[in-house]
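Under our numbering, the first residue of the sequence shown is numbered 482, with each subsequent residue one higher. All residues carry an ideal CB built from backbone N, CA and C; glycine is no exception. Computed from a predicted model, the values in this text were never measured in an experiment. Written below as structure tokens is the structure these notes are about.
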Amino acid sequence: MGYFITFEGIEGCGKTTQIRMLAERLKAAGRRVTLTREPGGCAIADKIRGILLDADNQAMLPQAELLLYAAARAQHVGEVVKPALDEGGVVLCDRFTDATIAYQSNGRGLGRETVDTLNNLACGDVRPDLTVLIDCDPVLGLERARRRIDASSGPREERFELEALAFHQRVREGYLALAAGEPHRFLTVNGSDPVELVAAAITRQVEARLGEQYHAVR
């Protein structure tokens, strides 16, 4: 039986750093780990990612954005996530369905029912066992994200970073509402805390959850 952990949060919250640190710790402990991300995670979904995050595509309609996310997710789940879980590994994914709810429903204003329908279509029966929400003030997060983009030599994936602060505030509120509604699935940590402190809190919770799973299947 595999274990599926997703990481969520606004731009610049530090989730990508934290998910990599957790992957290293789990691998060092002998766990079979698949580290992936959305949008992307496989060749076809990565091509869709290029469209979604390209700042030249500011005219993209919210409905088109939502459908592209669903298409990328369907390919990613079928090609990467589900096979890894079926093999009994731990899958760590940088963003998943909660991001679509927070960004496309709360942020863009699309109907939650429509978002949920497409998430269910793309994922089938695949659901996160644990979701780590790294909460962060949008002003701080956007400052971090812009510094990262400016320092990068790769494509400027900044379509969302160019959105108004109010958009990112709505996204954050959406995430916090999701966490409040499913407290057992979500672990919420403070993204403004020191990196090692956040990592330690995440590691403790993950080790406890994996231990519970081990005892449950014996």
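| query | result |
| --- | --- |
| Strand pairing of N601, partner residues [DSSP] | Answer is none; N601 lacks a bridge partner. |
| Endpoints, the beta strand (DSSP E) within which D606 is located | Neither: D606 is in no beta strand (DSSP E) and is coded neither H nor E. |
| Contact under 8 Å by Cβ, F485 with V596 | no |
| Identity of the residue in M482, L507, E489 nearest R685 by Cα | L507 |
| Beta-carbon proximity list for Q585, same chain, < 8 Å, skipping 5 on both sides | P543, E546, L547, Y550, L591, V596 |
| Counterpart residues of R701 in DSSP-defined beta bridges | This structure leaves residue 701 out entirely; the chain is present only between 482 and 699. |
| Sequence-distant residues of the same chain with beta carbon closer than 6 Å to A626, five excluded per side | E492, G493, E642 |
| Backbone secondary structure at I491 - three-state DSSP | coil |
| F641 - containing beta strand (DSSP E), residue span | Careful: F641 lies outside any beta strand (DSSP E) and carries neither H nor E. |
| Which of helix, strand or coil DSSP assigns to D674 | coil |
| Selected residue, minimal CA-CA separation from G522, among G490, V670, D575 | D575 |
| Extent of the continuous alpha helix (DSSP H) run through L503 | 496 to 509 |
| Cβ pair count under 8 Å reaching 3, the region 552 to 570 against the region 613 to 622 | no |
| Enclosing alpha helix (DSSP H) for Y550 [first to last residue] | 543 to 557 |
| Cβ-Cβ distance between V561 and L611 below 8 Å | no |
| Simplified DSSP state of D631, which is helix, strand or coil | helix |
| Residues sharing a beta bridge with T612, DSSP | T487, F667 |
| Proximity of Y656 and G495 at Cβ, strictly below 8 Å | no |
| Span separating the alpha-carbon of F488 from that of D631 | 23 Å |
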